[in-house]
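*Asks:*
Laid out in structure tokens, this is it:
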């Protein structure tokens, strides 16, 4: 194992590179990152980027220790597994001895309209924050952590916000008890909720219209879609690595010979079928195992971690570790 290419400069790519060095890899490392920025805290985008004030401060992460050659603002476009070559958008071909796939995911969208916003990057957050200065009427689609954090931030900036979500917001992530408590607080703070599924979204003059599955329509100035994400696997379409369109890895995050993966892009099969876990802490733990498996093979310790995430909304901070509680009464 000499030259390692890491496709992706998010927290999974950063952690994988640092782990390679910690485990003694002395060969060259090249990191390819689609965004032109150093790695930052992506969960902070919806937690602090919409806070009052002009600054867009998502905090800083410790600098990398991997000493890699960083190709930022560049995208991977294809992979030749047999030739061990990664293709980039500028025509560059990177040969590798080992490859770590950490290309993350992108937000689901209903339209290509500039008035439909998502939050997956610093640029996304900056654009949304700028749009909220004039206090537009906002429809948020999706009542998970991202949707509720965006709704909380927008209301804090003085916007009229309606959130569309089937059932109780946050219930899938926190269970009915905590989900209900957060929803009650949100309603007290002025959030309007609609219990429904979205059929379509379209522009109408200077605004947006969200059509629900029952035919009802909601009008607003802008729409923020927080309805999940899709793994960035299009560049792997001709690689032969995808299984039913998914990048599937084993319990040591191995995808193929000399190829491992980590983060939002990968489905991990630990014996119970492939599962994707698109949360910050999962990306970190997967990256540690993936880097070790690339160097150590079967000697690497399999993935074994407990799910953990946190959310800041409505001036509350909640942290969840382990399985989602399903009871309606406090323990």
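Numbering (the working numbering), first residue to last: 365 to 695. Every residue, glycine too, gets a C-beta built ideally from N, C-alpha and C.
Using 8 Å as the threshold, is the region 468-476 in touch with the region 562-580, meaning 3 or more CB pairs across them?
*Replies:* Touching, yes.
*Asks:* With DSSP as the reference, label residue 385 as helix, strand or coil.
*Replies:* Helix, per DSSP.
*Asks:* How far does the beta strand (DSSP E) with residue 620 in it extend, from its first residue to its last?
*Replies:* Residues 618-620.
*Asks:* Can you tell which of 676, 535, 463 has its C-alpha closest to the C-alpha of residue 408?
*Replies:* The residue with the shortest Cα to Cα distance from residue 408 is 676.
*Asks:* According to DSSP, which residues form a beta bridge with residue 613?
*Replies:* Paired residues: 632.
*Asks:* Report the start-end ranges of each beta strand (DSSP E) in the region 536-619 that is 3 residues or longer and not cut off at the edges.
*Replies:* Runs found: 556-558, 562-568, 571-576, 581-584, 586-589, 593-595, 610-613.
*Asks:* If contacts are defined as beta-carbon pairs under 8 Å, then residue 599 and residue 440 qualify, I think. What distance do you get, rounded to the angstrom?
*Replies:* About 5 Å; that satisfies the 8 Å criterion.
*Asks:* Report buried or exposed for residue 401, applying the criterion of at least 16 other Cβ atoms within 10 angstroms of its Cβ.
*Replies:* Classification for residue 401: exposed.
*Asks:* Looking only at its chain, what residues have a beta carbon closer than 7 Å to the beta carbon of residue 596, apart from the 5 residues adjacent to it on each side?
*Replies:* If we look at residue 596 and ignore the five residues flanking it on each side, its Cβ neighbours are 467, 468, 469, 470, 629.
*Asks:* Beta carbon of residue 619, beta carbon of residue 465: below 8 Å?
*Replies:* Yes.
*Asks:* What residues in its chain sit with their C-beta under 6 Å from that of residue 392, if we drop five residues either side in the sequence?
*Replies:* Excluding positions up to five away in sequence, the list reads 367.
*Asks:* Give me whichever residues DSSP pairs with residue 470 in a beta bridge.
*Replies:* Answer by DSSP bridge pairing, in chain order: 594.
*Asks:* Can you grab the Cα-Cα spacing for the pair residue 621 / residue 456, in whole Å?
*Replies:* Approximately 23 Å, taken between the alpha carbons.
*Asks:* DSSP three-state call for residue 369: helix, strand or coil?
*Replies:* Reduced to three states, the DSSP call for residue 369 is strand.
*Asks:* With a cut-off of 8 Å, do at least 3 Cβ pairs link the region 538-545 to the region 430-448?
*Replies:* No, the region 538-545 does not touch the region 430-448.
*Asks:* If you measure between the beta carbons of residue 414 and residue 496, is that distance less than 8 Å?
*Replies:* Yes. Within cutoff.
*Asks:* Could you give the first and the last residue of the continuous alpha helix (DSSP H) run that contains residue 391?
*Replies:* Careful: residue 391 lies outside any alpha helix (DSSP H) and carries neither H nor E.
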